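Numbered according to the UniProt record's numbering, the sequence shown spans residues 1 to 225. One structure is given below, encoded as structure tokens.
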Amino acid sequence: MTTVLIVDDDPHIVRALRINLTAHGYHVLTAHDGASALKQAASGRPDVVVLDLGLPDVDGVEVIAGLRARSTRPIVVLSARTDSADKVAALDAGADDYVTKPFGMDEFLARLRAAVRRTGPRQVGEPLVRTASFTVDLTAKKIRRDGVEVHLTRTEWAVLEVLIRAAGQPVGQRELLDRVWGAGHRSETHYLRVYLAQLRRKLEPEPSRPRHLLTEPGRGYRFQA
1 MTTVLIVDDD PHIVRALRIN LTAHGYHVLT AHDGASALKQ AASGRPDVVV LDLGLPDVDG
61 VEVIAGLRAR STRPIVVLSA RTDSADKVAA LDAGADDYVT KPFGMDEFLA RLRAAVRRTG
121 PRQVGEPLVR TASFTVDLTA KKIRRDGVEV HLTRTEWAVL EVLIRAAGQP VGQRELLDRV
181 WGAGHRSETH YLRVYLAQLR RKLEPEPSRP RHLLTEPGRG YRFQA
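Here you go:
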């Protein structure tokens, strides 16, 4: 059974989510502020976290950073903040998806399934992908740069894996959004800018002059070993 941690100080939202998630076979944990969210995440070990940004004790972006420092479990933001800057800040901090309130329950459940699905098992027995700068183990979901393991979020891994498996061919923006976030995200091109920038900062020797994670104008993005 998949365990979901709901972090929200609105009891009506928490109740609605608990009822719907339980009806769909999820085990639900709840927290009403940032401090209790971090404690629940540590003790309850949820498979996915659903997080509001407007918490009473600390901003949700700080909670994302705290969760991400401890785990790669997916984080789905559920917030009334609709400004693009808030979305970018949350994604940049390590969130995997961003849903705005008010929201449709069917769409929310679909996004939750997509976030959990990205944590599923990978293919086994695959060779290492080696570049001059880093090495990728797709089987173990590990990456090393200069002999040191590099931490990637679940979504960063998903983006990188799609590009690697394209075998040097460019992947269009819509296809990349479909495969990582789902068909309902085809217009969210800012996701790609945020995550490619994060991957370049972590993996490229010169992020401003990438050698491995390339932008192909008019065609999408391409991985080059």
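Note that beta-carbon positions come from the ideal geometry of N, C-alpha and C, so glycine has one too. Computed from a prediction, not measured in an experiment: that's the story for all the values here.
Taking 7 Å as the cut-off, the Cβ atoms of residue 52 and residue 79 count as close. Rounded to whole angstroms, residue 46 and residue 71 show a C-alpha spacing of 10 Å.
Where residue 190 is concerned, the enclosing alpha helix (DSSP H) starts and stops at 189-203. Residue pairing of residue 75 in beta bridges, as defined by DSSP: 49.
In the structure shown, residue 142 adopts extended strand secondary structure according to DSSP, grouped into three states. In the three-state reduction of the DSSP assignment, residue 115 falls in the helix class, which pools H, G and I. Assignment of residue 174 by DSSP, reduced to helix, strand and coil, places it in the helix class. Of the candidates 68, 178, 69 and 217, 178 places its Cα closest to the Cα of residue 110.
At a Cβ-Cβ threshold of 7 Å, residue 143 and residue 94 do not count as neighbours. DSSP, reduced to helix, strand and coil, places residue 206 outside both helices and strands of the structure shown, so it counts as coil. In this structure, the beta-carbon distance from residue 134 to residue 55 does not fall below 7 Å. By DSSP's assignment, residue 27 forms a beta bridge with 3.
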